[in-house]
Amino acid sequence: MRLVFTVNKRKRVCRIKGQETLLEVLRDILGLKGAKKGCETGDCGACAVIVNGLLVNSCLMLAIQARGSKVTTIEGVGSAKHLHPIQSAFVREGAIQCGYCTPAMVLAAKNLLDNQDNPTDDEIRKQMSGILCRCTGYNSITRAVKSVSKKRVKN
Amino acid sequence: MLAMQMKLQVFVPRNETQLLRFLSARKEDVAIIAGGTNLLPLVRTRKNSFSWLADASHLSNLRYVRRRNGKIEIGALARIRDLRNNTLTKAGYASFAQVADSFGSTAIANVATVGGNIAVAASTSDLLPALLSVDANVLLKSYQKEREMKLENFLVGEGQTKRQAGEMIAGVSFDIPGTRSISSFRKIGRRTSTFLAVVSVAIFLSYDRNKTITQIGVAFNEIKHSTPGRARNVESYLAGRALNDRVIGEAVDRLKLDLPIALGTEAREDYWNRASRNLLREQLQLCKSKMSG
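Protein chains in written order, with our numbering: chain A, 21 to 175; chain B, 9 to 301.
Structure, rendered in C-alpha cells:
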C-alpha cells in the first residue's frame, strides 16, 4: 500500500504493508526511533505521537490510518543544539532518568500546552497518566511541565 | 509486530457503501477498524478469527453527535472525546461527559470510538452503562437493509452481541431529556489511565413538579451473565417515588436482586457487591441533592 502523510512538517511517501502500525513505519521505515515500542496494548504510552493535533498511541494505529495526516514525533520538537522549552524544563527539573518514556512525556506536555496556557497540576497529571514512568517519578515531570506554563503566562 | 499475522489484509473503503458491500461479501472474515484500541491488541495475541480488517476511520459521515427528530444521535465513529462538550451535555446528559472524562488516557479517548465500545460489548466498558441508562437504541446497517434494536437486547454476553455477519454498527440514538432530568456516571478502576472499570454505574432519571421519579434508568457494567445491563429491580422500586434517605436505602438493598450470578471468586463477588452498593448509594444521593438544588 502507498502511504502519503506529513511527518514533522515534511511530506513522506512510503510503501507499507496494510497491517503495519504507525509506530513500525515511523521507526523501521522512516528511522524515527524516538517513539518507543513498549507494551503494544496502549497501557504504557511510550509510543505516543501527535497526529493532527491529538495525542495518540502509535502502536494502536495502523499506518494506513494516518494517510493524509500531520504527524509530529519527538524528532520534530527542538533539536540537540536548541532544545524545546519543555525539553529544557525536563533537564532543569531532573525529570529524566532512563529516558524511555521521555519522548512521549514531552509530546504529551507539548500537546497539553499547545491547547491550554496554564493547566493545573491535576490537568497535567491527567494528560500524563497514560504514559508510564518507572524510574523518574511523576512529581518532577509535573513540576517541569508546570514551570513551562508559568513562564509562558509570565511572558 | 502485526506482521505476525501474515495473512491479515487491510481494505480501505472510499465510502460507506463500499464498506457495506465488502462486509456483505466477506461476512465473518472481516472486522472493522476505526479507533483500534481493542482490536489491535486482539490481533497481536492472535485471538482474532478474521483475516481482513476494513479501515473505517476516514468515513466522516459516521462521526457525529447531533439532535434530530426529538432524539440525540451519535454516530459509530464519534470519538469518546467528542462526548465531552457538545449537544449531549447541553441537553442534560452530563453522564456522557463524565464517561469521557474518566475514559482511560488522553491518547485512548482521542481515538476510541462509540461504535467500537459497543461492538466489544465488554463488562469493562464505561460507555455501555451510560447508554443503557438512557434506554438507547442501536442502529445496524448491512448492504441490504437497516435495522434498529434496543441496546439492552443487542448485548447478549461478555463480548457477544446480536450483530449479524455483514452488519456494522452505524450509531445509537435516544430521547432528548426533559428539563427535569438528571444523569450521572461513576466508576471504580485500578488505574485511572486505563479504561478498565471494575465497577461502574450510570443513572438517568426524570421527575415531576413534586419531585416524583417519572422515568429511571440504572445500569451497571456487570449485571447478570457478566454483561453490562440495567438493574431492573432497583428501577421498578424507584419509579413513582421521591428520593429520600429511606428510599435510597431500600433501593440499594434491592440491588442484591440484580447482582451478577457468577463473578468467579467469592472475594471478587464480595468486593463487587459492596462497591456497587456504595456507588449506587453515592450517585442516588447526588441525584437527590441535584433535585433539591
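From the three backbone atoms N, C-alpha and C, an ideal C-beta is built for every residue, glycine too.
By how many angstroms is the C-alpha of Val24(A) removed from the C-alpha of Val126(A)?
Residue 126(A) sits at position 106 when you count from the first residue of the first sequence. Residue 24(A) sits at position 4 when you count from the first residue of the first sequence. So the two alpha carbons sit approximately 26 Å from each other.
Distance between Asp90(B) and Arg34(B) (C-alpha atoms, nearest Å)
The residue labelled residue 34(B) in the question sits at position 26 within the second sequence. The residue labelled residue 90(B) in the question sits at position 82 within the second sequence. Those two C-alpha atoms are separated by around 31 Å.
With 8 Å set as the bound, which would you pick, yes or no: does the beta-carbon of Ala11(B) sit closer than that to a beta-carbon of chain A?
Reading the second sequence from its first residue, position 3 is the one you call residue 11(B). Residue placement at Ala11(B) is flagged as unreliable, the pLDDT there being 47, under the threshold of 50; the coordinate-derived value follows with that caveat. Chain A contact via Cβ: present.
Just the C-alpha distance for Ala11(B) and Thr95(B), rounded to the nearest angstrom, thanks.
For the purposes of this step, residue 11(B) is taken as the residue at position 3 of the second sequence. For the purposes of this step, residue 95(B) is taken as the residue at position 87 of the second sequence. Note on Ala11(B): pLDDT 47, under 50, position unreliable in the model; the coordinate value appears next. Their backbone Cα atoms lie some 41 Å apart in a straight line.
For Thr114(B), count neighbouring C-beta atoms within 10 Å of its own C-beta (all shown protein chains included) and say buried if the count is 16 or more, exposed if not.
Position 106 of the second sequence, counting from 1, holds the residue named residue 114(B). Buried is the call here.
Within 8 Å, do at least three Cβ pairs link the region 136 to 147 of chain B to the region 234 to 242 of chain B?
yes
Tell me the residue span of the beta strand (DSSP E) that contains Val73(B).
Taking the first residue of the second sequence as 1, we reach residue 73(B) at position 65. Per DSSP, Val73(B) belongs to the beta strand (DSSP E) from Val73 to Arg76.
Which residues share a DSSP beta bridge with Lys90(A)?
Sequence index remark: in the first sequence, residue 90(A) carries index 70 (1-based). According to DSSP, which records beta bridges pairwise, Lys90(A) is partnered with Thr26(A).
Interface partners of Val20(B) on chain A, CB under 7 Å
Your numbering for residue 20(B) matches position 12 in the second sequence. Those are Ile84, listed as they occur along chain A.
Taking the Cβ atom as the reference point for each residue, do Ser214(B) and Thr220(B) lie within a distance shorter than 8 Å?
Within the second sequence, numbered from 1, the residue matching residue 214(B) stands at position 206. Within the second sequence, numbered from 1, the residue matching residue 220(B) stands at position 212. No, Cβ-Cβ distance for Ser214(B) and Thr220(B) is not below 8 Å.
Hey, is Ser149(A)'s beta-carbon within less than 8 Å of any beta-carbon in chain B?
Taking the first residue of the first sequence as 1, we reach residue 149(A) at position 129. By this cut-off, Ser149(A) is an interface position.
With DSSP as the reference, identify every bridge partner of Tyr215(B), one or two as the case may be.
In the second sequence, the residue the question calls residue 215(B) occupies position 207. Paired residue(s): Ile221(B).
Just tell me which of Ser244(B), Leu16(B) and Arg29(B) has its CA closest to the CA of Gly174(B).
By one-based count along the second sequence, residue 174(B) stands at place 166. Ranking Ser244(B), Leu16(B) and Arg29(B) by Cα distance to Gly174(B) puts Arg29(B) first.
Using the DSSP secondary-structure output, state which residues sit across from Glu36(B) in a beta bridge.
Counting from one through the second sequence, the residue named residue 36(B) turns up at place 28. The partner list for Glu36(B) (beta bridge, DSSP) is empty, contrary to what the question assumes.
Can you list, in chain order, the residues of its chain whose CB lies under 6 Å from that of Ala176(A), leaving out five sequence neighbours each side?
Look at the range of chain A in this structure, 21 to 175, and you will see that residue 176(A) is not part of it.
Using a Cβ-Cβ distance under 8 Å, would Ala68(A) count as near chain B?
The residue given as residue 68(A) occupies position 48 in the first sequence. At least one chain B Cβ lies under 8 Å of Ala68(A).
From Asp278(B), Arg76(B) and Ala250(B), pick the residue whose C-alpha is nearest to that of Leu292(B); which is it?
Your numbering for residue 292(B) matches position 284 in the second sequence. Checked all of Asp278(B), Arg76(B) and Ala250(B); the closest Cα to Leu292(B) is Ala250(B).
Bounding residues of the alpha helix (DSSP H) (the contiguous stretch that carries Ala117(B)):
Position 109 of the second sequence, counting from 1, holds the residue named residue 117(B). Ala117(B) -> alpha helix (DSSP H) spans Thr114 to Val119.
From Met81(A) to Gln168(B), what does the alpha carbon distance come to, in whole angstroms?
For the purposes of this step, residue 81(A) is taken as the residue at position 61 of the first sequence. For the purposes of this step, residue 168(B) is taken as the residue at position 160 of the second sequence. Taking the straight line joining both Cα atoms gives about 24 Å.
Under the three-state reduction of DSSP, which class applies to Asn131(A): helix, strand or coil?
By one-based count along the first sequence, residue 131(A) stands at place 111. In the structure shown, Asn131(A) sits in a helix (DSSP, three-state: H, G or I).
For Gln106(B), which residues in the same chain have their Cβ closer than 6 Å to its Cβ, ignoring the five residues on either side in sequence?
Within the second sequence, residue 106(B) is the residue found at index 98, counting from 1. So the list reads Phe193, once near-sequence residues are dropped.
Can you list, in chain order, the residues of its chain whose CB lies under 6 Å from that of Lys166(A), leaving out five sequence neighbours each side?
Residue mapping note: residue 166(A) aligns to position 146 of the first sequence, counting from 1. Answer for Lys166(A): no residue qualifies.
Which residues does DSSP pair with Glu156(B) in a beta bridge?
For this step, residue 156(B) is matched to residue 148 along the second sequence. Leu147(B), per the DSSP bridge assignment.
Which of the three DSSP states, helix, strand or coil, is assigned to Gln17(B)?
To locate residue 17(B), count along the second sequence from 1; it is residue 9. Strand.
Measuring straight from C-alpha to C-alpha, what distance separates Gly43(B) and Ile116(B)?
As a working note, residue 43(B) is residue 35 in the second sequence. As a working note, residue 116(B) is residue 108 in the second sequence. Approximately 8 Å between the Cα atoms of the pair.
Around the Cβ of Val242(B), are there at least 16 other Cβ atoms within 10 angstroms (buried) or fewer (exposed)?
As a working mapping, residue 242(B) is identified with position 234 in the second sequence. Buried, since its Cβ has 16 or more Cβ neighbours within 10 Å.
Return the residue from the list Asp253(B), Arg75(B), Ala39(B) and Leu47(B) that minimises the CA-CA distance to Phe58(B).
Numbered from its first residue, the second sequence carries residue 58(B) at position 50. Ranking Asp253(B), Arg75(B), Ala39(B) and Leu47(B) by Cα distance to Phe58(B) puts Ala39(B) first.
Compile a chain-ordered list of the residues in the region 108 to 140 of chain B whose CB is closer than 8 Å to at least one CB of chain A.
Gly112, Ser113, Thr114, Ala115, Ile116, Asn118 and Val119
Name the chain B residues that come within less than 7 Å of Thr61(A), Cβ to Cβ?
The residue labelled residue 61(A) in the question sits at position 41 within the first sequence. The answer, in chain order, is Pro49.
Classify Lys56(A) as buried or exposed, calling it buried when 16 or more other Cβ atoms lie within 10 Å of its own Cβ.
On the first sequence, residue 56(A) is found 36 positions in, with the first residue counted as 1. Its Cβ being crowded by 16 or more others within 10 Å, Lys56(A) is buried.
Ile50(A) vs Val27(A) beta-carbon contact at 8 Å
In the first sequence, residue 50(A) corresponds to position 30, counting from 1. In the first sequence, residue 27(A) corresponds to position 7, counting from 1. As written in the sequence, residue 50(A) is Leu, which differs from the Ile given in the question. Yes.
So, are the CB atoms of Ala86(B) and Val73(B) less than 8 Å apart?
For the purposes of this step, residue 86(B) is identified with residue 78 of the second sequence, where counting begins at 1. For the purposes of this step, residue 73(B) is identified with residue 65 of the second sequence, where counting begins at 1. Going by C-beta atoms, Ala86(B) is nearer than 8 Å to Val73(B).
Check each candidate in Ile177(B), Val119(B), Gly179(B) and Ala130(B) and name the one with the smallest Cα separation from Ala205(B).
Looking up residue 205(B) in the second sequence gives position 197. For the residues Ile177(B), Val119(B), Gly179(B) and Ala130(B), the minimum Cα distance to Ala205(B) belongs to Ala130(B).
Under a Cβ-count criterion, where at least 16 other Cβ atoms within 10 Å of its own Cβ denotes burial, should Ser189(B) be classed as buried or exposed?
Taking the first residue of the second sequence as 1, we reach residue 189(B) at position 181. Under this definition Ser189(B) is a buried residue.
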